[in-house]
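Be aware that the sequence shown starts at 1, since it is given in UniProt numbering, and climbs by one per residue.
Even for Gly, the Cβ is constructed at its ideal location relative to N, Cα and C.
None of the values given here were measured: they were computed from a predicted structure.
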Amino acid sequence: MDSEQTPLISSEGGSSGHYEVLAPTENGNTGRSKKQTPLPKLQLFTLLYIAFCEPAAGTVIYPFVVRLVTDTGITGGNQAKTGFYAGIIESAFFASEACTALLWGRISDRVGRKLPLTLGMLGMTATIISFGLSNQYWPLVISRCLQGVMNGGVGLTKSAIVEITDSTNMASAFAFMPLSWGIGETVGPLIGGSLSHPAERWPNTLGKINFLRDYPYALPCICIALVPLSASLLVALFFKETLPSIVEKKKKKKQISSRDSTDNDIGSTDSADSKPPPPLRSLMTRPVINAMVNYAFLAWTEQACAVLVPIMYPTPIKFGGLGLSTFAIGCIMSVIGVFIGLICIVFFPLLMRRYSAAQIYRGAYSFYLVDTLLFPLMNYLARRNGELNGLVWVVIALQILCATIPLLSFSKCRATHGFPGAMLVIFSEVSPSKSSLGAINGIAQTVACTMRVIAPFTSSSLFSLSQEKNLLGGTMWYCILELVVIAGVITSFRLEESPKVAED
């Protein structure tokens, strides 16, 4: 067995916190890399396109989900209950994803990344169309649940990127992930906010089509479904398998076919390739557990805050919201997507050169301390003035900034669902080996999805309860949210500062 160890990211300079990418030298030690390995462009583009599909398909419903819930009649006309039922729709997505994410990861560690990615994209196409064609509440929940099942395999993109890169170019490859996610978070809400209820927006043209009148949310869902459909074709036609055991097996078969090989050579190849994945218990080291706990805090907080945007923004001012239109919400969420891409792709590589991934995560997560306080402040200012004046829009802009900076810890994040950015680097550092990254990805995604099952339901329900019962002047949920963020900041200090050397 090859005993060579390759640091995914290594540090120099002691307390300086400055990070250099190192590569192994001939004698097995590490030295400064002289030249960065060229990135496999088509492979990387395919994975980035899949990363774009996930937030685009996941966030398309956000601008209209509150009105959609109201249209189903499930609330019985009680506006205060809308957040509760909207939270169930979002929790269903993450509940099903949490139940299947680890399974996707383990299967991909055996059969490879290509087949699960292809099936996941095809399944996402079907489920998002099904959502748009549902006018009843519980079919909506079922469709969203099935979409979560199909989305469980999208986390494999992180494993695949690690597998197509090495210690010299991995950081460069992951620098593109926030841009893909940001574009997806821009396109999804923009399509959802612009194309929902097309018969009302364009009565003289699209309003004459009975199908669009009967299914007012079908058009944005069908349009966005074309994205994962095209991704499935891209993966099936152009993506090359990246799972190390399969790649190595193909290489050895080519070597064997090009020369006469002994039976011993063949036997040793089969033995090496048939090595089973490591047991899950062996992966749960203390550094991995600490990283998982912090990722749980991050996923819960991010989703708890994110779900408040499509719920609080359209809610009337007197009920604790801002009374914004579906189109305005779509535009605001698209701006958030643009900020995600710009801030992460510009600042993340620069920060990684000066600070550790743990330091970046800790600083980025701390911005939620401000983000959570701006929700009640916006409503207070709107109530005091009776409308959304310039000061309220300044606070909205400030909140967009504070909600975006923590996503340096993700690739993406809103729906999301993965953890390039600081969290991916942290998991790469603490992972026992590169061969276990698929399982680590699956476990981490399961943890995150479990938190995202709880977060939408608790956030939307307690928001509605706080407003309905006027608990602490309607701000009780924000106080609880702030306490959770404080606990998350304290927990972040348990992360290890020094990079981990992972064996190939």
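Asked: Per-residue DSSP class, three states only, for I142; Found: helix
Asked: Segment contact, 8 Å Cβ cut-off, at least three pairs: the stretch 467–482 with the stretch 137–153; Found: no
Asked: The stretch 94–105 touching the stretch 438–449, judged by at least three CB pairs closer than 8 Å; Found: yes
Asked: Nearest-angstrom Cα separation, counted from A199 out to F131; Found: 18 Å
Asked: Alpha-carbon spacing of K35 relative to L115, whole angstroms; Found: 33 Å
Asked: Endpoints, the alpha helix (DSSP H) within which S180 is located; Found: M177 to L195
Asked: Cutoff 8 Å; reference P63; Cβ partners in own chain excluding five residues on either side; Found: P189, G192, G193, S196, P310, T326, F327, I329, G330 and M333
Asked: Rounded C-alpha distance that separates R383 from I396; Found: 15 Å
Asked: Range covered by the alpha helix (DSSP H) that runs through N379; Found: Y368 to N385
Asked: Given 8 Å, three or more beta-carbon pairs between the stretch 444–462 and the stretch 247–255; Found: no
Asked: As assigned by DSSP and simplified to three states, the class of I486; Found: helix
Asked: Proximity below 7 Å, CB of L312 to CB of G321; Found: It is Met, not Leu, that sits at residue 312 in the sequence shown. Going by C-beta atoms, M312 is nearer than 7 Å to G321.
Asked: Short Cβ contact (7 Å threshold) for A51 with V66; Found: no
Asked: Counted within 10 angstroms of its Cβ, other Cβ atoms place P406 as buried (16 or more) or exposed; Found: buried
Asked: Beta-carbon separation (whole angstroms), V392 vs L381, contact threshold 8 Å; Found: 5 Å
Asked: Neighbourhood of I88 by C-beta distance below 7 Å, restricted to the same chain and skipping five residues each side; Found: V141 and F457
Asked: Member of N151, C99 and W181 whose CA lies at the smallest distance from the CA of G120; Found: N151
Asked: Nearest to G123 (by Cα), restricted to the options A218, V227, E185 and R110; Found: V227
Asked: Reference Y355, options Q467, V425, T186 and T46, closest by Cα; Found: V425
Asked: For A92 and I75, the rounded distance between their alpha carbons; Found: It should be noted that the sequence gives Thr, not Ile, for residue 75. Spanning the two alpha carbons is a distance of roughly 18 Å.
Asked: Contact set for F427: own chain, Cβ-Cβ below 7 Å, skip 5 residues either direction; Found: A291, F419, I440 and A444
Asked: Three-state secondary structure assigned by DSSP to T242; Found: coil
Asked: Inter-residue Cα distance where the pair is T446 and T404; Found: 23 Å
Asked: Delimiting residues of the alpha helix (DSSP H) encompassing M121; Found: K114 to G132
Asked: Straight-line Cα distance separating V149 from R286; Found: 29 Å
Asked: Pair within 7 Å by beta-carbon distance, V111 and T301; Found: no
Asked: Exposure of S274, with buried meaning 16 or more beta-carbon neighbours within 10 Å; Found: Any answer about S274 is weak, because its pLDDT of 47 lies below 50 and its placement is not dependable; what the coordinates show is given next. Its Cβ having fewer than 16 others within 10 Å, S274 is exposed.
Asked: Beta-carbon contacts of K213 that lie in its chain and below 8 Å, excluding the five residues immediately before and after; Found: Reading the sequence as shown, one finds Arg at residue 213 and not Lys. Closer than 8 Å at Cβ, skipping near neighbours: A199 and G207.
Asked: Distance, L117 Cα to L156 Cα; Found: 7 Å
Asked: Beta-carbon proximity check, L48 vs F176, cutoff 7 Å; Found: yes
Asked: Helix, strand or coil at V247 [DSSP, three-state]; Found: helix
Asked: Residues near A160 in its chain [Cβ-Cβ closer than 6 Å; skip 5 each side]; Found: L47, R113 and T242
Asked: Simplified DSSP assignment, three categories, for S282; Found: helix
Asked: Residue environment, T25, which counts as buried when at least 16 other CB atoms sit within 10 Å; Found: In this predicted model, T25 has a pLDDT of only 41, less than 50, meaning its place in the structure is not dependable; the value taken from the coordinates is given anyway. By the 10 Å Cβ count, T25 comes out exposed.
Asked: Counted within 10 angstroms of its Cβ, other Cβ atoms place V288 as buried (16 or more) or exposed; Found: buried
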